[in-house]
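Residue numbers (my numbering): 153 to 530.
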């Protein structure tokens, strides 16, 4: 009987234990069961996040993604086919939100991301509490509405937002890379389009997999050649350009942060930023479209804080690098604080060589030379 009990508990997550005491922030992460060097690295990276949480007095919730296999199947609307394991992230965040109902923020950090010890004294609220009260999802300024680090507001409103995120995933409309992030992108476009429930593909964003394995279709109906939905989201943002007031007039209206209904909000006028981005979609990822993307919010670096998330910063702990991770440069290099709090896929700094990449295409954001091997520094 002990064997059957063990088998059952390994496939089904236990019911959440509700923590009644209030906590400011819950850091959430999780990963699939893996063995060998990858498994050891998973432990290292989890301990980095746990140490930061302990230092700041935050709760830390770590999950094994495999325990959500039954839930992924139960939440799928795709003819009995389970949702891809990447969608377990949404279930982990949802579980943490119910486990800590009094938390102000539920902050997810990807398994392959870690906290910069140089900035570990800085609280996450330095980034999160700047967001207006009507914002439910806070991200860093990286490409594609990246959910490698994403904070969801605690309480009923935040839990309802996560439920909507899961509903998009369950609908089968986000079938391609980046999976949970693609569902997040669709939810953002849906809100931008006025939250019309009959609109299944807001601004033409289609992230379904084609019979040939590509993602989505072009607006003209031809099959897409993309392997990921990130460029499709960028194209949808370009088509949504009229929805962004700050792209279409000389001044933009800014929410004053009071979280009031749209018609009641005092509005503030300010000039457009001096930068003119090569890609108009960057206005969302760089935080310049924050007034138009509620309930989302992009937290950027400023004089008091560095960037929240850097992608593959591998040259040191103090400098925000544009490459190899294709990070945006600081908009105000003379005043914005340099560096980053969380490094995503930047294990070069403490392992001798990088992990094998999921891609051998240098144009893809996760590229690492396929000649590298995974092993630890002695």
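C-beta atoms are modelled at their ideal positions from N, C-alpha and C, and glycine is treated no differently.
As the structure is a prediction and not an experimental result, all values here were calculated from the model.
Checking 7 Å against the spacing of the C-beta atoms, do residue i and residue j come in under that value?
i	j	result
residue 243	residue 223	yes
residue 457	residue 482	no
residue 355	residue 388	yes
residue 185	residue 248	no
residue 307	residue 258	no
residue 200	residue 260	no
residue 106	residue 384	Residue numbering for the chain in the displayed model covers 153 to 530; residue 106 lies beyond these limits and cannot be assessed.
residue 491	residue 293	no
residue 344	residue 392	yes
residue 459	residue 472	yes
residue 437	residue 295	yes
What is the DSSP secondary structure of residue i, counted as helix, strand or coil?
i	result
residue 282	coil
residue 258	strand
residue 450	strand
residue 196	helix
residue 499	helix
residue 204	helix
residue 435	helix
residue 361	strand
residue 154	Note that residue 154 has pLDDT 38, beneath the 50 cutoff, so the model's placement of it is unreliable and no number is given.
residue 471	coil
residue 341	helix
residue 242	helix
residue 441	coil
residue 459	strand
residue 224	helix
residue 211	strand
residue 287	coil
residue 191	helix
residue 178	strand
residue 331	coil
residue 379	coil
residue 320	helix
residue 304	strand
residue 418	Unreliable positioning characterises residue 418 in this predicted model, as indicated by a pLDDT of 36, which lies under 50. The coordinate reading is nonetheless provided below. Coil.
residue 315	helix
residue 265	strand
residue 386	helix
residue 217	helix
residue 170	coil
Using only the alpha-carbon positions, how far apart do residue i and residue j sit?
i	j	result
residue 283	residue 451	8 Å
residue 278	residue 360	37 Å
residue 174	residue 367	43 Å
residue 170	residue 226	23 Å
residue 538	residue 454	Given that the chain is displayed from residue 153 to residue 530, the structure contains no residue 538 and the question cannot be resolved.
residue 382	residue 270	31 Å
residue 418	residue 446	Here the model assigns residue 418 a pLDDT of 36, short of 50, so the residue's position is not dependable, and the following value carries that caveat. About 16 Å.
residue 348	residue 183	35 Å
residue 474	residue 273	24 Å
residue 213	residue 181	7 Å
residue 401	residue 394	Here the model assigns residue 401 a pLDDT of 39, short of 50, so the residue's position is not dependable, and the following value carries that caveat. Between residue 401 and residue 394, the C-alpha separation is close to 10 Å.
residue 204	residue 493	11 Å
residue 476	residue 190	22 Å
residue 486	residue 480	15 Å
residue 484	residue 297	21 Å
residue 377	residue 275	42 Å
residue 215	residue 314	17 Å
residue 497	residue 353	31 Å
residue 246	residue 336	14 Å
residue 192	residue 501	16 Å
With a CB to CB cut of under 7 Å and the five nearest residues on each side skipped, what residues in its chain are close to residue i?
i	result
residue 309	288
residue 316	339
residue 495	265, 266, 268, 462, 465
residue 564	The requested residue 564 is not part of the displayed model; the chain covers only 153 to 530.
residue 239	224, 321, 331, 332
Taking 6 Å as the cut-off, is the CB of residue i close to at least one heavy atom of the ligand MN?
i	result
residue 251	For the structure depicted, the ligand MN is absent and the ligand set is empty, with no information on it obtainable.
Enumerate in chain order the residues of its own chain whose CB-to-CB distance from residue i is below 6 Å, with the five nearest sequence positions on each side excluded.
i	result
residue 237	217
residue 333	299
residue 176	256
residue 449	283, 287, 290, 442
residue 241	332
residue 280	257, 290, 303
residue 202	212
residue 521	With a pLDDT of 42 at residue 521, under the threshold of 50, the modelled position of that residue is not reliable, and the figure given next carries that caveat. Result list for residue 521: empty, nothing under 6 Å.
residue 467	473
Please work out which residues of its chain come closer than 8 Å, Cβ to Cβ, to residue i, disregarding the five sequence neighbours upstream and downstream, and give them in chain order.
i	result
residue 351	342, 345
Original post:
How do the region 251-260 and the region 192-202 stand: do at least 3 beta-carbon pairs fall below 8 Å, yes or no?
Top reply: no
Original post:
Are the region 296-305 and the region 201-212 in contact at 8 Å, needing three or more beta carbon pairs?
Top reply: no
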